[in-house]
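A.B. asks: I'd like to ask you about the structure that follows.
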Amino acid sequence: MRFRIALLALSLLLPATIASAEERTPRIAVAYDIGFKGDGGFNDAVSAALALAKKRFNLVPPFVREVPTSGSAVDRLSKLRFLAKNGYTLIITVGSGYRETVRRVSMEYPETQFAPINDKTLGQLNISNIYFDEVDAAKLAGTIAAARSKSKVVAVIGGSDEVNSSFATAAKGAQVIKIPFTGDVTKLDTSLERADVVYSLWDRDAKVYETVINRTFKTFYIARNPDQYFAKLASHPRVIAVIEKQLNKPISQLVKLALEDRALIDLVDPDLGIYGRRYGLANGGITYKLKEGQPAVAKALKELKG
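Those letters in the sequence shown? Residues 570 to 875, per my numbering, in order.
This is the structure:
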């Protein structure tokens with residue numbers, strides 16, 4: 570048993586070329602979500618990060634390829650199979666719509682590395698999950714909310730128990746309203762009560778965002794980008810901050826390792842056997858942008874960093 574464990578550990582450290590009888594030419598592909606480039610969300614963020622990586626590593630076609638999708642399961646499946654079959658050694662996918670497709674194609678092509686962006690659900694060694702720590706993001710949001718609030722009542726919408734707890738712990742001196750949300754805004758305004766700063770994790774549409782910025786009781790909004798493509802710092806005067814998931818580092822690291830015929834396979838979730846890398850406050854994966862003229866917020870964030 571000890572021999573087997575040692576052998577497995579050694580195999581994870583070795584480049585993929587040793588396990589292959591032939592030298593592979595590294596090729597990188599990105600399969601975008603519906604909307605392709607210009608969506609203002611993850612597609613654009615990944616595209617911009619890839620542009621920097623292409624420049625840094627002198628990548629040109631056919632060694633790098635970008636493909637759109639119509640969004641259908643058949644189209645996603647045919648695109649990923651085409652890329653894997655044609656020798657793309659790293660396939661980056663954007664959007665949860667690829668989840669089942671990646672699970673399936675990654676088993677068909679075990680020598681190909683897949684990298685789902687903003688996910689941590691698939692547990693295979695040839696899947697590098699790029700996960701952004703929502704708990705760290707909530708810590709930032711809670712700090713901002715409490716420092717900005719005048720009513721000392723703040724709210725978090727649509728968060729998990731862990732996210733809500735992180736937000737509440739960081740929102741020192743403020744009452745925290747935790748609101749579950751499934752898409753019905755009918756009672757949302759009432760549920761917010763006297764909360765004057767809101768952090769929402771709902772990103773399927775702009776319902777929550779629009780409800781908050783249009784409240785009669787003046788309420789400010791903390792956005793999440795690129796998830797909430799509809800809420801930027803300049804979108805509305807009531808958007809006071811944006812929690813940002815930075816794609817430049819993950820894409821650059823994925824590309825660099827792929828060119829070396831290696832993979833990004835930190836243990837993200839040991840219980841579920843999820844590999845990839847977690848990006849949070851410590852490694853610059855989670856950052857923020859702040860609207861000017863908020864000295865109390867800036868001070869609180871400085872203390873958080875300290």
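C-beta atoms are modelled at their ideal positions from N, C-alpha and C, and glycine is treated no differently.
Computed from a predicted model, the values in this text were never measured in an experiment.
(1) Quick check on the DSSP output: the alpha helix (DSSP H) that includes F611 runs from which residue to which?
(2) Which whole-angstrom value is the C-beta distance of Y790 and Y778, which I expect to be below 8 Å?
(3) Buried or exposed: which applies to S616, given that a residue is buried once 16 or more other Cβ atoms fall within 10 Å of its Cβ?
(4) Near G610, which residues of its chain fall below 6 Å by C-beta distance, leaving aside the five closest residues on each side in sequence?
(5) Whose C-beta lies closer than 7 Å to the C-beta of N817 among residues of the same chain, with five residues either side of it excluded?
(6) For A775, collect the residues of the same chain with a Cβ closer than 6 Å to its Cβ; drop the 5 residues on either side in sequence, then sort them by chain order.
(7) Starting from the N-terminal side, write out each stretch of the beta strand (DSSP E) that is 3 residues or longer and does not extend beyond the region 760-839.
(8) Give the DSSP bridge partners of N687, in chain order.
(9) Taking all protein chains shown into account, do 16 or more other C-beta atoms lie within 10 angstroms of the C-beta of P595, making it buried, or fewer, making it exposed?
(10) Kindly indicate the opening and closing residues of the alpha helix (DSSP H) around L841.
(11) Go ahead and label E680 buried or exposed: buried means 16 or more other beta carbons lie within 10 angstroms of its beta carbon, across all protein chains shown.
(12) For the structure I just gave you, are there three or more beta carbon pairs, one from the region 836-851 and one from the region 640-653, closer than 8 Å?
(13) Express the C-alpha separation of F736 and A598 in angstroms, rounding to a whole number.
C.D. replies: This is what the structure gives:
(1) Indexing the sequence shown from 1 puts residue 611 at position 42. Taken as a continuous stretch (DSSP letters only), the alpha helix (DSSP H) holding F611 covers F611 to F626.
(2) Your numbering for residue 790 matches position 221 in the sequence shown. Your numbering for residue 778 matches position 209 in the sequence shown. Rounded, the Cβ-Cβ distance is 6 Å, consistent with contact.
(3) Position 47 of the sequence shown, counted from the first residue, corresponds to residue 616. Burial state of S616 is buried, judged by a 10 Å Cβ sphere holding 16 or more other Cβ atoms.
(4) Counting from one through the sequence shown, the residue named residue 610 turns up at place 41. Counting only Cβ-Cβ distances below 6 Å, and skipping sequence neighbours, we find P795 and Y798.
(5) Translated into the one-based positions of the sequence shown, residue 817 becomes position 248. These residues qualify, in order along the chain: A618 and L621.
(6) As a first step, residue 775 is located in the sequence shown; it is residue number 206 there, counting from the start. Here the set comprises F799.
(7) Fully enclosed beta strand (DSSP E) runs of no fewer than 3 residues occupy 766-769, 789-794, 808-814 and 835-838 of the region 760-839, in order along the chain.
(8) Here residue 687 refers to the residue found at position 118 of the sequence shown. N687 pairs with nothing; no bridge assigned.
(9) Taking the sequence shown and counting its residues from 1, the one referred to as residue 595 is at position 26. Classification for P595: buried.
(10) On the sequence shown, residue 841 is found 272 positions in, with the first residue counted as 1. Neither: L841 is in no alpha helix (DSSP H) and is coded neither H nor E.
(11) The residue labelled residue 680 in the question sits at position 111 within the sequence shown. Burial is judged here by how many other beta carbons sit within 10 angstroms of a residue's own beta carbon; E680 has fewer than 16 and is exposed.
(12) No: fewer than three Cβ pairs fall under 8 Å.
(13) The count along the sequence shown starts at 1 and reaches residue 598 at position 29. The count along the sequence shown starts at 1 and reaches residue 736 at position 167. Rounded to the nearest angstrom, the two C-alpha atoms are 36 Å apart.
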